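Engineer: According to the working numbering, the sequence shown is numbered sequentially starting from 266. Don't be surprised by glycine CBs; every beta carbon is placed ideally from N, CA and C. Just so we're clear, the structure is a prediction, and the values are computed from it rather than from any experiment. This is the structure, below, for whatever I ask next.
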Amino acid sequence: MRFMNEPTTGDQPELFRRKNDPTSAPEIDLGRASIARVYDMFFEEGKDGFAVDRVVYEQVRQIAPDGPLVAVMIRRWLDRAIGYLVSRAGINQIIDIGSGLPRSAPHENTHQIAQRSNPEAMVVYVDNDPSVAAFGRALLEDNVYTHFVQQDLVHPQVVLQDPAVQQHIDFDRPITLVQSATLHHVDDDQDPVRIMRQYVEVLPPGSYVVLCHWWDPDDELPEGHELARSLENAWRTSSMGTGRYRSRGEIEAMFCGLPLLSPGLVELDQWWPPGPEVTPPTLIERLMLGGVARVP
Ligand SMILES: C[S@@+](CC[C@H](N)C(=O)[O-])C[C@H]1O[C@@H](n2cnc3c(N)ncnc32)[C@H](O)[C@@H]1O
Numbered sequence: 266m267r268f269m270n271e272p273t274t275g276d277q278p279e280l281f282r283r284k285n286d287p288t289s290a291p292e293i294d295l296g297r298a299s300i301a302r303v304y305d306m307f308f309e310e311g312k313d314g315f316a317v318d319r320v321v322y323e324q325v326r327q328i329a330p331d332g333p334l335v336a337v338m339i340r341r342w343l344d345r346a347i348g349y350l351v352s353r354a355g356i357n358q359i360i361d362i363g364s365g366l367p368r369s370a371p372h373e374n375t376h377q378i379a380q381r382s383n384p385e386a387m388v389v390y391v392d393n394d395p396s397v398a399a400f401g402r403a404l405l406e407d408n409v410y411t412h413f414v415q416q417d418l419v420h421p422q423v424v425l426q427d428p429a430v431q432q433h434i435d436f437d438r439p440i441t442l443v444q445s446a447t448l449h450h451v452d453d454d455q456d457p458v459r460i461m462r463q464y465v466e467v468l469p470p471g472s473y474v475v476l477c478h479w480w481d482p483d484d485e486l487p488e489g490h491e492l493a494r495s496l497e498n499a500w501r502t503s504s505m506g507t508g509r510y511r512s513r514g515e516i517e518a519m520f521c522g523l524p525l526l527s528p529g530l531v532e533l534d535q536w537w538p539p540g541p542e543v544t545p546p547t548l549i550e551r552l553m554l555g556g557v558a559r560v561p
């Protein structure tokens with residue numbers, strides 16, 4: 266493992282001690298927080314990240330102490346969406362873009378969710394983060410039906426032409442494309458709708474797009490709008506430098522006109538919950554919309 270910049274405090278967390286091959290490991294910039302590592306810290310079972318990640322984590326938690334609830338809510342939603350598409354809609358190949366660091370119990374990774382009902386469901390994970398590549402590859406490439414590709418999602422043609430994607434995904438059969446909590450890290454000048462259009466264009470009929478994104482509810486929820494603005498400011502002024510809370514219309518546009526399955530683009534816990542609400546959502550949990558669309 267090669268490191269740029271020295272960490273300000275602390276040793277290498279366990280995350281990076283596990284793999285120690287200086288010839289093949291990617292370069293990790295310790296002067297800059299990584300969303301993959303910061304996000305991981307929001308899970309109880311997550312790792313410590315580096316000092317630079319902890320600074321961002323603490324800044325966000327100061328504004329929104331309930332932040333960890335969002336991470337867990339995202340995985341709950343992903344579990345329901347992927348579970349449904351594999352078990353009910355019969356999808357057996359998934360490209361999970363911006364897959365993140367591998368999850369462990371009580372949460373499951375996309376391939377574990379998919380392979381619960383179809384052990385041969387093929388999952389190709391894509392992430393550009395060297396931490397995910399270093400640690401995730403080994404755990405995500407769990408069996409012959411799971412593969413990891415280190416690519417930048419803002420270049421769909423490169424992602425789609427990657428040899429692993431080409432080898433393991435059959436573009437003549439329906440595919441599920443997952444963009445879970447990724448595109449809010451893509452700036453406006455990179456045009457996330459244009460990026461999504463390039464992915465959607467190659468999806469065969471009967472495919473699905475699963476997407477969730479930070480939401481600025483504006484007048485729909487004025488106190489949520491204020492919190493979204495504060496959070497966006499915290500993320501963007503951090504060493505990570507990315508993070509956009511977008512409007513409902515901006516998020517909907519990322520489905521590129523594909524029809525959304527019922528119940529549409531909704532707060533995540535409203536997407537086919539398994540039962541009645543246990544407690545009302547906290548404000549930060551409401552700042553995320555997700556949906557599943559089908560390619561006709
Ligand atoms: C908040 S995490 C979400 C992880 C997972 N999709 C989930 O919903 O639990 C965002 C992930 O997207 C990845 N990501 C962000 N920008 C990316 C890019 N340009 N190309 C590839 N991956 C990216 C990050 O490295 C990180 O792992």
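Excluding the five sequence neighbours on either side, which residues of its own chain have a C-beta within less than 6 Å of the C-beta of residue 507, listed in chain order?
Structural biologist: Counted from its first residue, the sequence shown places residue 507 at position 242. Closer than 6 Å at Cβ, skipping near neighbours: 450.
Engineer: So, does the CB of residue 503 fall closer than 9 Å to a CB anywhere in chain C?
Structural biologist: Absent here is chain C; the protein component of the structure consists of one chain.
Engineer: Which ranges would you report for the beta strand (DSSP E) in the segment 412-481 if only whole runs of at least 3 residues count?
Structural biologist: DSSP runs (the beta strand (DSSP E)) wholly in the segment 412-481: 441-445, 473-479.
Engineer: Locate the beta strand (DSSP E) running through residue 559, then write down its first and last residues.
Structural biologist: Locating residue 559 in the sequence shown gives position 294, where the first residue counts as 1. First-last of the beta strand (DSSP E) with residue 559: 553-559.
Engineer: Relative to the alpha-carbon of residue 543, which residue among 424, 485, 338 has its alpha-carbon at the smallest distance?
Structural biologist: Residue numbering aside, residue 543 sits at position 278 when the sequence shown is read from its first letter. Checked all of 424, 485, 338; the closest Cα to residue 543 is 338.
Engineer: Expressed to the nearest angstrom, what Euclidean distance is found between the alpha-carbon atoms of residue 406 and residue 421?
Structural biologist: Indexing the sequence shown from 1 puts residue 406 at position 141. Indexing the sequence shown from 1 puts residue 421 at position 156. The alpha-carbon atoms of residue 406 and residue 421 are separated by roughly 22 Å.
Engineer: In terms of residues, what are the limits of the alpha helix (DSSP H) holding residue 304?
Structural biologist: By one-based count along the sequence shown, residue 304 stands at place 39. Here the alpha helix (DSSP H) through residue 304 covers 300-306.
Engineer: Could you check whether residue 357 and residue 403 sit closer than 9 Å to each other, using their CB atoms as the reference points?
Structural biologist: On the sequence shown, position 138 is the one that residue 403 refers to. On the sequence shown, position 92 is the one that residue 357 refers to. No, these two residues do not count as a Cβ contact at 9 Å.
Engineer: Just to confirm the assignment: which complete beta strand (DSSP E) runs, minimum length 3, are found wholly within the segment 322-379?
Structural biologist: 358-362
Engineer: Tell me the rounded alpha-carbon separation between residue 498 and residue 505.
Structural biologist: Residue mapping note: residue 498 aligns to position 233 of the sequence shown, counting from 1. Residue mapping note: residue 505 aligns to position 240 of the sequence shown, counting from 1. If you take the alpha carbons of residue 498 and residue 505, they lie about 11 Å apart.
Engineer: Keeping to the same chain, check which residues put their C-beta closer than 6 Å to that of residue 427; ignore five residues upstream and five downstream.
Structural biologist: One-based indexing of the sequence shown puts residue 427 at position 162. Excluding residues within five positions, the ones whose Cβ falls inside 6 Å are 414, 416.
Engineer: Between the alpha carbons of residue 441 and residue 333, how many angstroms are there, rounded?
Structural biologist: Residue mapping note: residue 441 aligns to position 176 of the sequence shown, counting from 1. Residue mapping note: residue 333 aligns to position 68 of the sequence shown, counting from 1. Their backbone Cα atoms lie some 27 Å apart in a straight line.
Engineer: Do residue 451 and ligand 1 come close, with the Cβ less than 8 Å from some heavy atom?
Structural biologist: As a first step, residue 451 must be located in the sequence shown, where it is residue number 186. Yes; taking the cut-off as 8 Å, the Cβ of residue 451 has a heavy atom of ligand 1 nearer than that.
Engineer: Counting C-beta neighbours from all protein chains within 10 Å, is the total for residue 374 16 or more, i.e. buried, or is it exposed?
Structural biologist: Translated into the one-based positions of the sequence shown, residue 374 becomes position 109. For residue 374, the number of other beta carbons within 10 angstroms of its own is at least 16, and it is reported as buried.
Engineer: Identify whether residue 320 lies in helix, strand or coil by the three-state DSSP scheme.
Structural biologist: Stepping through the sequence shown from its first residue, residue 320 is reached at position 55. Residue 320 sits in a helix when the DSSP states are folded into three classes.
Engineer: Distance check for residue 362 and residue 424, CA to CA, integer angstroms please.
Structural biologist: The count along the sequence shown starts at 1 and reaches residue 424 at position 159. The count along the sequence shown starts at 1 and reaches residue 362 at position 97. Rounded to whole angstroms, residue 424 to residue 362 spans 9 Å at the Cα level.
Engineer: What did DSSP end up calling residue 525 once you bin it into helix, strand or coil?
Structural biologist: Within the sequence shown, numbered from 1, the residue matching residue 525 stands at position 260. Strand at residue 525.
Engineer: Alpha carbon to alpha carbon, what distance is there between residue 378 and residue 614?
Structural biologist: Examination of residue 614 is not possible in this model, given that the chain is present from 266 through 561 alone.
Engineer: Let me confirm a value: residue 545 is counted as buried when at least 16 other C-beta atoms fall within 10 Å, else exposed. Which label applies?
Structural biologist: On the sequence shown, position 280 is the one that residue 545 refers to. Under this definition residue 545 is an exposed residue.
Engineer: Report yes if the C-beta of residue 511 is less than 8 Å from at least one heavy atom of ligand 1; otherwise report no.
Structural biologist: As a first step, residue 511 is located in the sequence shown; it is residue number 246 there, counting from the start. No - ligand 1 has no heavy atom lying nearer than 8 Å to the Cβ of residue 511.
Engineer: Ordered along the chain, which non-local residues of its own chain (more than five positions away) have a Cβ less than 8 Å from that of residue 398?
Structural biologist: On the sequence shown, residue 398 is found 133 positions in, with the first residue counted as 1. 291, 392, 413, 415.
Engineer: Starting from residue 387, follow its DSSP beta bridges and name the residues at the other end.
Structural biologist: Within the sequence shown, the letter at position 122 stands for residue 387. In the DSSP output, where bridge partners are listed per residue, residue 387 has 358.
Engineer: I need the DSSP call for residue 407, collapsed to helix, strand or coil.
Structural biologist: Taking the sequence shown and counting its residues from 1, one reaches residue 407 at position 142. Here residue 407 carries a coil assignment [DSSP, helix/strand/coil].
Engineer: Please report the residue range of the alpha helix (DSSP H) in which residue 497 lies.
Structural biologist: The count along the sequence shown starts at 1 and reaches residue 497 at position 232. Looking at the DSSP string, the run of the alpha helix (DSSP H) that includes residue 497 is 487-502.
Engineer: Looking at the strands, I want to know which residues DSSP matches up with residue 237.
Structural biologist: Past the boundaries of the shown model lies residue 237; the chain is included only from 266 to 561, so the question cannot be answered.
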